[in-house]
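Engineer:
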Amino acid sequence: MPQPGGSYGSALALGSADVTLLALTNAQRTLANGGLFTPAALPGRPAQRSTLSQAAAAAVFLVTDILADNTARARVVGLNSLLATRGFAAMKTGTSKNRRDN
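Read in order, the letters of the sequence shown are residues 420 to 521 in my numbering.
The structure is reproduced here in C-alpha coordinates:
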(Lines of atoms letter the chains of each structure in order from A and count residues from 1; the text may use other names and numbers.)
(Lines give C-alpha, C1' and ligand atoms only; values in the text may rest on other atoms or scores of the structure.)
Protein backbone atom coordinates (compact mmCIF):
# COMPACT_ATOMS: atom_id res chain seq x y z
CA MET A 1 0.00 0.00 0.00
CA PRO A 2 1.33 3.43 -0.81
CA GLN A 3 0.25 4.89 2.58
CA PRO A 4 0.53 3.51 6.13
CA GLY A 5 -2.45 1.31 7.07
CA GLY A 6 -3.81 3.80 9.60
CA SER A 7 -4.26 6.51 6.97
CA TYR A 8 -7.03 4.54 5.22
CA GLY A 9 -9.32 4.33 8.25
CA SER A 10 -11.97 1.66 8.68
CA ALA A 11 -12.58 1.52 4.90
CA LEU A 12 -9.35 -0.48 4.64
CA ALA A 13 -11.34 -3.56 5.73
CA LEU A 14 -13.55 -3.12 2.65
CA GLY A 15 -10.65 -3.14 0.23
CA SER A 16 -10.30 0.59 -0.34
CA ALA A 17 -6.49 0.57 -0.47
CA ASP A 18 -4.68 0.24 -3.78
CA VAL A 19 -2.51 -2.87 -3.75
CA THR A 20 -0.55 -4.52 -6.51
CA LEU A 21 -1.57 -7.87 -7.95
CA LEU A 22 1.66 -9.31 -6.55
CA ALA A 23 0.86 -8.05 -3.03
CA LEU A 24 -2.66 -9.50 -3.27
CA THR A 25 -1.27 -12.80 -4.57
CA ASN A 26 1.19 -12.98 -1.69
CA ALA A 27 -1.58 -12.24 0.82
CA GLN A 28 -3.78 -15.02 -0.60
CA ARG A 29 -0.79 -17.40 -0.59
CA THR A 30 -0.20 -16.60 3.07
CA LEU A 31 -3.80 -17.54 3.91
CA ALA A 32 -3.57 -20.72 1.84
CA ASN A 33 -0.34 -21.66 3.61
CA GLY A 34 -1.90 -21.39 7.06
CA GLY A 35 -0.37 -18.00 7.84
CA LEU A 36 3.12 -18.73 6.55
CA PHE A 37 4.42 -16.17 4.05
CA THR A 38 6.52 -17.33 1.13
CA PRO A 39 6.89 -14.86 -1.74
CA ALA A 40 5.41 -15.85 -5.08
CA ALA A 41 7.97 -16.98 -7.65
CA LEU A 42 8.09 -14.74 -10.69
CA PRO A 43 9.29 -15.86 -14.12
CA GLY A 44 12.84 -14.74 -14.82
CA ARG A 45 13.60 -13.98 -11.17
CA PRO A 46 15.27 -16.23 -8.63
CA ALA A 47 12.82 -17.82 -6.21
CA GLN A 48 13.06 -16.74 -2.59
CA ARG A 49 12.75 -19.66 -0.21
CA SER A 50 12.40 -17.78 3.08
CA THR A 51 9.27 -18.46 5.13
CA LEU A 52 7.88 -16.08 7.74
CA SER A 53 5.01 -16.63 10.15
CA GLN A 54 2.67 -13.73 9.39
CA ALA A 55 -0.64 -14.63 11.00
CA ALA A 56 -1.98 -16.60 13.94
CA ALA A 57 -3.58 -19.93 13.05
CA ALA A 58 -6.90 -18.88 14.63
CA ALA A 59 -7.03 -15.69 12.53
CA VAL A 60 -6.21 -17.62 9.34
CA PHE A 61 -8.97 -20.13 10.13
CA LEU A 62 -11.57 -17.41 10.67
CA VAL A 63 -10.70 -15.52 7.48
CA THR A 64 -10.61 -18.63 5.28
CA ASP A 65 -13.86 -19.91 6.81
CA ILE A 66 -15.55 -16.60 5.98
CA LEU A 67 -14.13 -16.57 2.44
CA ALA A 68 -15.31 -20.17 1.88
CA ASP A 69 -18.96 -19.42 2.73
CA ASN A 70 -20.96 -20.08 -0.47
CA THR A 71 -24.14 -18.69 1.09
CA ALA A 72 -22.51 -15.37 1.92
CA ARG A 73 -21.19 -15.06 -1.66
CA ALA A 74 -24.60 -15.85 -3.18
CA ARG A 75 -25.85 -12.28 -2.69
CA VAL A 76 -23.16 -11.00 -5.02
CA VAL A 77 -22.54 -13.85 -7.48
CA GLY A 78 -25.69 -15.99 -7.22
CA LEU A 79 -26.19 -19.60 -6.12
CA ASN A 80 -25.28 -21.15 -9.48
CA SER A 81 -22.06 -19.22 -9.96
CA LEU A 82 -18.75 -20.83 -10.87
CA LEU A 83 -17.66 -19.57 -7.46
CA ALA A 84 -20.18 -21.89 -5.73
CA THR A 85 -17.87 -24.83 -5.11
CA ARG A 86 -18.70 -28.22 -3.61
CA GLY A 87 -15.38 -28.51 -1.82
CA PHE A 88 -13.69 -26.12 0.57
CA ALA A 89 -12.40 -23.12 -1.38
CA ALA A 90 -11.70 -19.72 0.14
CA MET A 91 -12.16 -17.00 -2.45
CA LYS A 92 -12.91 -13.32 -2.64
CA THR A 93 -15.04 -11.54 -5.21
CA GLY A 94 -13.95 -8.22 -6.64
CA THR A 95 -14.64 -5.04 -4.74
CA SER A 96 -13.88 -2.66 -7.58
CA LYS A 97 -16.23 0.08 -8.65
CA ASN A 98 -19.24 -1.13 -10.63
CA ARG A 99 -18.25 -4.75 -9.82
CA ARG A 100 -16.28 -4.86 -13.06
CA ASP A 101 -14.18 -7.84 -11.95
CA ASN A 102 -16.85 -10.08 -10.36
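Here a beta-carbon is modelled for each residue, glycine too, at the ideal position from N, C-alpha and C.
(1) Could you check what DSSP says for S469 in three-state terms: helix, strand or coil?
(2) Does the region 480 to 498 come close enough to the region 455 to 470 to have 3 or more Cβ pairs within less than 8 Å?
(3) To the nearest angstrom, report how far apart L440 and A508 are at their CA atoms.
(4) Out of N499, I485 and N452, state which residue places its alpha-carbon closest to the alpha-carbon of A475.
(5) When DSSP labels each residue in this structure, what does L455 get in the three-state scheme?
(6) T504: buried (16+ other C-beta within 10 angstroms of its C-beta) or exposed?
Structural biologist: With the given structure in hand:
(1) It is coil, neither helix nor strand.
(2) No, because fewer than three Cβ pairs between the region 480 to 498 and the region 455 to 470 fall closer than 8 Å, the two stretches do not touch.
(3) The alpha-carbon atoms of L440 and A508 are separated by roughly 20 Å.
(4) Nearest C-alpha to A475: N452.
(5) Correct three-state label for L455: strand.
(6) So T504 counts as exposed.
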